[in-house]
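Enquirer:
Numbering (my numbering), first residue to last: 35 to 354.
1) State the Cα-Cα distance for the pair residue 68 and residue 128, rounded to the nearest angstrom.
2) Terminal residues of the continuous alpha helix (DSSP H) containing residue 289?
3) With a CB to CB cut of under 6 Å and the five nearest residues on each side skipped, what residues in its chain are close to residue 337?
4) Take residue 202 and list the residues in its own chain whose beta-carbon comes closer than 7 Å to its own, dropping the five residues that flank it on each side.
5) Taking the beta carbon of residue 79 as the centre, do at least 16 other beta carbons fall within 10 Å, making it buried, or is it exposed?
6) The alpha helix (DSSP H) spanning residue 100 covers which residue range?
7) Give the range of the alpha helix (DSSP H) segment to which residue 51 is assigned.
8) Pairs of beta-carbons, one from the segment 257 to 273 and one from the segment 194 to 201, closer than 8 Å: are there three or more?
9) Return the bridge partner residues of residue 145 from the DSSP annotation.
10) What did DSSP end up calling residue 307 once you bin it into helix, strand or coil?
11) Alpha carbon to alpha carbon, how far is residue 204 from residue 184?
12) Comparing C-alpha positions only, which one of 53, 58, 49, 56 sits nearest to residue 71?
13) Using the three-state DSSP reduction, which class does residue 203 fall into: helix, strand or coil?
14) Let me know if residue 175 comes out buried or exposed under the rule of 16 or more other beta-carbons within 10 Å of its beta-carbon.
15) Since residue 178 contacts residue 117 with CB under 8 Å, what's their CB separation in whole angstroms?
16) DSSP state of residue 78, grouped into three classes?
17) Take residue 333 and list the residues in its own chain whose beta-carbon comes closer than 7 Å to its own, dropping the five residues that flank it on each side.
18) Quick one: residues in its chain with C-beta nearer than 6 Å to the C-beta of residue 265, no 5 flanking neighbours on either side, listed in chain order?
19) Pull up the distance between the alpha-carbon of residue 65 and that of residue 138, whole angstroms please.
20) Would you kindly work out how many angstroms separate the C-alpha atoms of residue 208 and residue 39, rounded to a whole number?
21) For residue 339, count neighbouring Cβ atoms within 10 angstroms of its own Cβ and tell me buried if that reaches 16, exposed if not.
22) Can you tell me the Cβ-Cβ gap for residue 161 and residue 144, rounded? I've got them flagged as a contact below 8 Å.
23) Which two residues bound the contiguous beta strand (DSSP E) that contains residue 273?
24) Pick helix, strand or coil for residue 248, following the three-state DSSP scheme.
25) Express the C-alpha separation of residue 292 and residue 231 in angstroms, rounding to a whole number.
26) Using DSSP with H/G/I as helix, E/B as strand and the rest coil, what is residue 341?
27) What are the boundary residues of the beta strand (DSSP E) that residue 331 is part of?
28) Rounded to whole angstroms, what's the CA-CA distance from residue 288 to residue 246? Just pull it up for me.
29) State yes or no: is the C-beta of residue 269 within less than 7 Å of the C-beta of residue 192?
30) Quick check: the Cα distance between residue 126 and residue 101, rounded to an integer number of angstroms?
31) Straight-line CA distance for residue 77 to residue 132?
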(Lines of atoms letter the chains of each structure in order from A and count residues from 1; the text may use other names and numbers.)
(Lines give C-alpha, C1' and ligand atoms only; values in the text may rest on other atoms or scores of the structure.)
Protein backbone atom coordinates (compact mmCIF):
# COMPACT_ATOMS: atom_id res chain seq x y z
CA UNK A 1 0.00 0.00 0.00
CA UNK A 2 1.31 3.39 -0.92
CA UNK A 3 2.26 5.40 2.19
CA UNK A 4 0.40 8.67 2.77
CA UNK A 5 2.12 11.89 1.82
CA UNK A 6 4.05 13.67 4.60
CA UNK A 7 2.17 16.11 6.79
CA UNK A 8 3.38 19.61 7.62
CA UNK A 9 5.60 19.56 10.70
CA UNK A 10 3.05 21.59 12.67
CA UNK A 11 0.53 18.72 12.51
CA UNK A 12 2.74 15.70 13.19
CA UNK A 13 1.50 13.90 16.30
CA UNK A 14 -0.95 16.71 17.07
CA UNK A 15 -4.67 17.25 17.46
CA UNK A 16 -5.82 19.85 14.93
CA UNK A 17 -8.86 21.25 13.17
CA UNK A 18 -9.76 20.79 9.53
CA UNK A 19 -9.36 24.53 9.00
CA UNK A 20 -5.81 24.42 10.34
CA UNK A 21 -4.96 21.47 8.10
CA UNK A 22 -6.44 23.07 4.98
CA UNK A 23 -4.58 26.31 5.70
CA UNK A 24 -1.35 24.29 5.63
CA UNK A 25 -2.22 22.72 2.29
CA UNK A 26 -3.59 19.39 3.52
CA UNK A 27 -6.41 18.01 1.37
CA UNK A 28 -9.59 16.34 2.60
CA UNK A 29 -8.37 13.16 0.92
CA UNK A 30 -5.20 13.24 3.05
CA UNK A 31 -7.33 13.66 6.17
CA UNK A 32 -8.93 10.29 5.38
CA UNK A 33 -5.60 8.44 5.42
CA UNK A 34 -4.98 5.64 7.90
CA UNK A 35 -2.55 7.66 10.03
CA UNK A 36 -5.17 10.31 10.82
CA UNK A 37 -8.07 9.72 13.18
CA UNK A 38 -11.21 11.85 13.08
CA UNK A 39 -12.24 12.33 16.69
CA UNK A 40 -15.04 14.88 16.31
CA UNK A 41 -16.56 16.91 13.54
CA UNK A 42 -13.76 19.00 12.08
CA UNK A 43 -11.13 17.69 14.55
CA UNK A 44 -8.41 15.19 13.74
CA UNK A 45 -5.40 13.58 15.37
CA UNK A 46 -2.27 12.45 13.58
CA UNK A 47 -1.09 9.08 14.85
CA UNK A 48 2.51 7.93 14.35
CA UNK A 49 2.83 5.11 11.84
CA UNK A 50 3.34 2.44 14.51
CA UNK A 51 -0.05 3.46 15.93
CA UNK A 52 -1.85 3.81 12.62
CA UNK A 53 -5.44 2.73 12.75
CA UNK A 54 -7.47 0.64 10.36
CA UNK A 55 -10.21 2.71 8.72
CA UNK A 56 -13.02 3.36 11.16
CA UNK A 57 -11.11 2.22 14.25
CA UNK A 58 -11.86 4.61 17.12
CA UNK A 59 -10.01 2.74 19.89
CA UNK A 60 -6.42 3.35 18.94
CA UNK A 61 -3.52 3.33 21.38
CA UNK A 62 -2.30 6.90 21.73
CA UNK A 63 -5.59 8.40 20.58
CA UNK A 64 -6.52 11.69 22.24
CA UNK A 65 -9.06 11.39 25.04
CA UNK A 66 -12.11 13.57 24.69
CA UNK A 67 -11.23 15.45 27.89
CA UNK A 68 -7.50 15.76 27.21
CA UNK A 69 -6.19 19.36 27.06
CA UNK A 70 -5.16 18.98 23.41
CA UNK A 71 -8.68 17.90 22.47
CA UNK A 72 -10.32 20.66 24.49
CA UNK A 73 -8.07 23.27 22.92
CA UNK A 74 -8.90 21.99 19.44
CA UNK A 75 -12.63 22.15 20.19
CA UNK A 76 -12.25 25.77 21.29
CA UNK A 77 -10.31 26.65 18.14
CA UNK A 78 -12.86 24.93 15.94
CA UNK A 79 -15.91 26.46 17.54
CA UNK A 80 -14.77 30.06 17.78
CA UNK A 81 -15.11 32.49 20.66
CA UNK A 82 -15.62 29.92 23.37
CA UNK A 83 -13.93 28.51 26.45
CA UNK A 84 -14.13 25.23 28.33
CA UNK A 85 -16.79 25.54 31.02
CA UNK A 86 -19.02 23.81 33.57
CA UNK A 87 -18.25 20.12 34.19
CA UNK A 88 -15.42 20.04 31.65
CA UNK A 89 -13.69 22.98 33.33
CA UNK A 90 -14.02 21.34 36.74
CA UNK A 91 -12.53 18.15 35.31
CA UNK A 92 -9.65 20.10 33.74
CA UNK A 93 -8.81 21.78 37.06
CA UNK A 94 -8.92 18.42 38.82
CA UNK A 95 -11.88 19.40 40.98
CA UNK A 96 -14.16 16.69 42.40
CA UNK A 97 -17.21 16.08 40.24
CA UNK A 98 -20.14 13.81 41.16
CA UNK A 99 -20.00 10.16 40.15
CA UNK A 100 -22.82 10.60 37.64
CA UNK A 101 -20.48 12.65 35.42
CA UNK A 102 -17.43 10.37 35.62
CA UNK A 103 -18.16 8.31 32.52
CA UNK A 104 -19.84 11.09 30.57
CA UNK A 105 -18.50 11.64 27.05
CA UNK A 106 -19.53 15.27 26.86
CA UNK A 107 -17.52 18.47 26.57
CA UNK A 108 -19.06 21.66 27.94
CA UNK A 109 -18.19 24.96 26.27
CA UNK A 110 -19.45 28.50 26.87
CA UNK A 111 -19.34 31.32 24.36
CA UNK A 112 -20.85 32.84 21.27
CA UNK A 113 -19.68 30.46 18.55
CA UNK A 114 -21.96 28.31 16.41
CA UNK A 115 -23.26 25.12 17.97
CA UNK A 116 -21.67 21.92 16.75
CA UNK A 117 -24.02 19.58 18.54
CA UNK A 118 -26.02 17.11 16.55
CA UNK A 119 -26.07 13.54 15.32
CA UNK A 120 -22.50 13.78 14.02
CA UNK A 121 -21.07 15.52 17.05
CA UNK A 122 -23.15 14.74 20.14
CA UNK A 123 -20.25 15.21 22.57
CA UNK A 124 -20.40 19.01 22.73
CA UNK A 125 -22.82 21.13 24.76
CA UNK A 126 -22.41 24.82 23.98
CA UNK A 127 -23.80 27.25 26.55
CA UNK A 128 -24.40 30.40 24.58
CA UNK A 129 -23.53 33.79 26.03
CA UNK A 130 -25.12 37.01 24.86
CA UNK A 131 -21.74 38.65 25.23
CA UNK A 132 -18.46 37.14 24.09
CA UNK A 133 -16.83 35.67 27.22
CA UNK A 134 -13.32 36.49 28.33
CA UNK A 135 -11.25 33.64 26.89
CA UNK A 136 -7.91 34.93 28.14
CA UNK A 137 -7.76 32.73 31.25
CA UNK A 138 -5.72 29.65 30.36
CA UNK A 139 -5.03 26.43 32.24
CA UNK A 140 -2.74 23.86 30.65
CA UNK A 141 -2.90 26.08 27.56
CA UNK A 142 -6.69 25.77 27.29
CA UNK A 143 -9.14 28.73 27.46
CA UNK A 144 -11.25 27.93 30.51
CA UNK A 145 -13.69 29.60 32.86
CA UNK A 146 -11.80 31.18 35.80
CA UNK A 147 -12.27 29.23 39.06
CA UNK A 148 -14.49 31.72 40.92
CA UNK A 149 -16.80 32.14 37.93
CA UNK A 150 -16.83 28.38 37.39
CA UNK A 151 -18.37 27.94 40.84
CA UNK A 152 -21.41 29.93 39.67
CA UNK A 153 -21.54 28.02 36.37
CA UNK A 154 -21.66 24.69 38.19
CA UNK A 155 -24.87 25.74 39.92
CA UNK A 156 -26.66 24.63 36.75
CA UNK A 157 -25.60 20.99 37.22
CA UNK A 158 -24.65 20.40 40.87
CA UNK A 159 -26.72 20.20 44.03
CA UNK A 160 -25.87 22.52 46.93
CA UNK A 161 -23.76 20.01 48.94
CA UNK A 162 -21.84 19.12 45.77
CA UNK A 163 -21.20 22.81 45.17
CA UNK A 164 -19.90 23.20 48.71
CA UNK A 165 -17.45 20.38 48.06
CA UNK A 166 -16.17 22.17 44.95
CA UNK A 167 -16.04 25.48 46.78
CA UNK A 168 -14.03 23.99 49.65
CA UNK A 169 -11.54 22.60 47.15
CA UNK A 170 -11.24 25.94 45.37
CA UNK A 171 -10.40 27.86 48.55
CA UNK A 172 -8.31 25.32 50.48
CA UNK A 173 -4.59 25.92 50.97
CA UNK A 174 -2.74 23.46 48.68
CA UNK A 175 0.37 21.50 49.63
CA UNK A 176 3.01 22.84 47.27
CA UNK A 177 5.26 19.79 47.22
CA UNK A 178 2.39 17.56 46.11
CA UNK A 179 0.35 19.92 43.92
CA UNK A 180 2.85 22.29 42.38
CA UNK A 181 1.13 25.40 43.74
CA UNK A 182 1.02 27.13 47.10
CA UNK A 183 -2.00 29.40 46.65
CA UNK A 184 -5.70 28.47 46.52
CA UNK A 185 -7.56 28.73 43.24
CA UNK A 186 -9.52 31.64 44.72
CA UNK A 187 -10.93 33.02 47.97
CA UNK A 188 -14.37 32.68 49.53
CA UNK A 189 -14.93 36.35 48.65
CA UNK A 190 -14.04 35.59 45.03
CA UNK A 191 -16.75 32.90 44.97
CA UNK A 192 -19.30 35.44 46.16
CA UNK A 193 -18.23 37.93 43.50
CA UNK A 194 -18.48 35.23 40.83
CA UNK A 195 -22.01 34.34 41.93
CA UNK A 196 -23.07 37.98 41.88
CA UNK A 197 -21.59 38.48 38.42
CA UNK A 198 -23.59 35.52 37.12
CA UNK A 199 -26.90 36.66 38.58
CA UNK A 200 -28.89 35.78 35.45
CA UNK A 201 -27.52 32.26 35.02
CA UNK A 202 -29.44 29.09 35.76
CA UNK A 203 -28.43 27.71 39.15
CA UNK A 204 -26.88 30.90 40.51
CA UNK A 205 -29.17 30.81 43.55
CA UNK A 206 -27.80 27.38 44.43
CA UNK A 207 -24.28 28.75 44.03
CA UNK A 208 -25.03 31.66 46.37
CA UNK A 209 -26.50 29.33 48.98
CA UNK A 210 -23.50 27.03 48.71
CA UNK A 211 -21.03 29.91 48.92
CA UNK A 212 -22.33 30.74 52.40
CA UNK A 213 -21.32 27.22 53.51
CA UNK A 214 -17.85 27.12 51.93
CA UNK A 215 -14.98 27.03 54.43
CA UNK A 216 -11.19 27.05 54.24
CA UNK A 217 -9.79 23.91 55.84
CA UNK A 218 -11.75 20.94 54.48
CA UNK A 219 -9.03 19.20 52.53
CA UNK A 220 -11.13 16.42 50.98
CA UNK A 221 -14.73 15.95 49.82
CA UNK A 222 -15.30 13.51 52.69
CA UNK A 223 -14.25 16.16 55.21
CA UNK A 224 -16.71 18.58 53.64
CA UNK A 225 -19.57 16.08 53.80
CA UNK A 226 -18.62 15.31 57.42
CA UNK A 227 -18.88 18.99 58.35
CA UNK A 228 -22.18 19.42 56.49
CA UNK A 229 -23.64 16.35 58.22
CA UNK A 230 -22.65 17.70 61.64
CA UNK A 231 -24.23 21.10 60.98
CA UNK A 232 -27.33 19.52 59.41
CA UNK A 233 -27.79 17.51 62.61
CA UNK A 234 -28.07 20.78 64.55
CA UNK A 235 -24.63 20.56 66.17
CA UNK A 236 -22.14 23.42 66.39
CA UNK A 237 -19.90 23.81 63.38
CA UNK A 238 -16.48 22.38 64.22
CA UNK A 239 -13.19 24.21 63.93
CA UNK A 240 -11.25 23.00 60.89
CA UNK A 241 -7.59 21.96 60.82
CA UNK A 242 -7.58 22.14 64.59
CA UNK A 243 -4.09 22.37 66.06
CA UNK A 244 -3.40 20.81 69.45
CA UNK A 245 -1.20 23.74 70.50
CA UNK A 246 -2.22 26.76 68.38
CA UNK A 247 1.02 28.66 68.97
CA UNK A 248 3.22 25.74 67.88
CA UNK A 249 3.43 25.38 64.09
CA UNK A 250 4.76 21.82 64.50
CA UNK A 251 1.94 20.75 66.79
CA UNK A 252 -0.30 17.85 65.62
CA UNK A 253 -3.35 18.87 63.56
CA UNK A 254 -6.72 17.14 63.29
CA UNK A 255 -9.23 17.50 60.46
CA UNK A 256 -11.81 19.18 62.70
CA UNK A 257 -12.88 19.42 66.30
CA UNK A 258 -14.13 21.32 69.32
CA UNK A 259 -11.39 22.90 71.39
CA UNK A 260 -13.46 23.66 74.49
CA UNK A 261 -14.90 20.13 74.58
CA UNK A 262 -11.51 18.62 73.69
CA UNK A 263 -12.89 16.54 70.82
CA UNK A 264 -10.91 16.01 67.62
CA UNK A 265 -12.37 14.47 64.45
CA UNK A 266 -10.25 12.65 61.92
CA UNK A 267 -11.40 11.20 58.59
CA UNK A 268 -9.13 8.40 57.42
CA UNK A 269 -9.27 8.06 53.64
CA UNK A 270 -7.44 5.55 51.49
CA UNK A 271 -4.08 7.33 51.75
CA UNK A 272 -4.12 6.74 55.53
CA UNK A 273 -3.72 2.99 55.05
CA UNK A 274 -0.03 2.95 54.25
CA UNK A 275 2.30 1.86 57.05
CA UNK A 276 4.09 5.22 57.12
CA UNK A 277 0.87 7.23 57.27
CA UNK A 278 -0.59 4.97 59.95
CA UNK A 279 2.50 5.57 62.08
CA UNK A 280 2.07 9.34 61.70
CA UNK A 281 -1.64 9.07 62.49
CA UNK A 282 -0.94 7.05 65.63
CA UNK A 283 1.55 9.63 66.88
CA UNK A 284 -0.95 12.42 66.22
CA UNK A 285 -3.77 10.61 67.99
CA UNK A 286 -1.55 9.75 70.94
CA UNK A 287 -0.56 13.40 71.33
CA UNK A 288 -4.19 14.53 71.46
CA UNK A 289 -5.13 11.75 73.89
CA UNK A 290 -2.18 12.55 76.15
CA UNK A 291 -3.50 16.11 76.37
CA UNK A 292 -6.92 14.84 77.45
CA UNK A 293 -8.69 15.01 74.09
CA UNK A 294 -11.16 12.44 72.79
CA UNK A 295 -10.24 11.26 69.26
CA UNK A 296 -13.09 10.24 66.95
CA UNK A 297 -11.98 8.39 63.82
CA UNK A 298 -14.10 8.02 60.69
CA UNK A 299 -13.73 6.11 57.44
CA UNK A 300 -15.55 5.28 54.21
CA UNK A 301 -18.29 3.36 56.05
CA UNK A 302 -19.21 6.50 57.99
CA UNK A 303 -19.16 8.45 54.72
CA UNK A 304 -21.50 5.97 53.04
CA UNK A 305 -23.86 6.13 56.01
CA UNK A 306 -23.97 9.92 55.93
CA UNK A 307 -22.01 10.18 59.21
CA UNK A 308 -25.16 9.35 61.17
CA UNK A 309 -23.35 7.35 63.87
CA UNK A 310 -20.77 10.10 64.23
CA UNK A 311 -23.35 12.84 64.68
CA UNK A 312 -25.23 10.76 67.27
CA UNK A 313 -22.02 10.22 69.23
CA UNK A 314 -21.10 13.89 68.99
CA UNK A 315 -24.54 14.88 70.23
CA UNK A 316 -24.07 12.75 73.35
CA UNK A 317 -20.57 14.09 73.98
CA UNK A 318 -21.44 17.74 73.47
CA UNK A 319 -24.69 17.59 75.43
CA UNK A 320 -23.79 15.02 78.08
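Glycine residues also receive a C-beta, built at the ideal position from the N, C-alpha and C atoms. Remember, it's a predicted structure, so these values are computed and weren't measured experimentally.
Expert: Let's see:
1) Rounded to the nearest whole angstrom, the C-alpha separation of residue 68 and residue 128 is 34 Å.
2) Looking at the DSSP string, residue 289 is not in any alpha helix (DSSP H); the run it does join, the beta strand (DSSP E), is 287 to 292.
3) Cβ neighbours of residue 337 beyond the five flanking positions: 256.
4) Once the five neighbours on either side are set aside, the close Cβ partners of residue 202 are 248, 249, 252, 258.
5) If you draw a 10 Å sphere on the C-beta of residue 79, you find 16 or more other C-beta atoms in it, and that means buried.
6) Taken as a continuous stretch (DSSP letters only), residue 100 belongs to no alpha helix (DSSP H), as it is neither H nor E.
7) Premise fails: residue 51 lies in the beta strand (DSSP E), 49 to 51, not in any alpha helix (DSSP H).
8) Taking one beta carbon from each stretch, the segment 257 to 273 and the segment 194 to 201 have 3 or more pairs nearer than 8 Å; the two touch.
9) Beta-bridge pairing links residue 145 to 116, 162.
10) It is helical.
11) Going from the Cα of residue 204 to the Cα of residue 184 covers about 10 Å.
12) Among 53, 58, 49, 56, the Cα nearest to that of residue 71 belongs to 49.
13) DSSP places residue 203 in helix when its eight states are reduced to three.
14) Here residue 175 is exposed. Its C-beta has fewer than 16 other C-beta atoms within 10 Å.
15) About 6 Å; that satisfies the 8 Å criterion.
16) Reduced to three states, the DSSP call for residue 78 is strand.
17) 302, listed in sequence order.
18) 271, listed in sequence order.
19) Spanning the two alpha carbons is a distance of roughly 28 Å.
20) Cα to Cα, the separation comes out at about 49 Å.
21) It counts as exposed.
22) Confirmed, about 4 Å.
23) 273 to 277 is the extent of the beta strand (DSSP E) around residue 273.
24) Three-state result, residue 248: coil.
25) Going by the C-alpha atoms only, they are around 36 Å apart.
26) Looking at residue 341 - three-state DSSP - the assignment turns out to be coil, as it is neither helix nor strand.
27) Here the beta strand (DSSP E) through residue 331 covers 328 to 332.
28) Cα to Cα, residue 288 sits roughly 23 Å from residue 246.
29) No.
30) Looking at the two C-alpha atoms, the distance is approximately 8 Å.
31) If you draw a straight line from the Cα of residue 77 to the Cα of residue 132, it is about 28 Å long.
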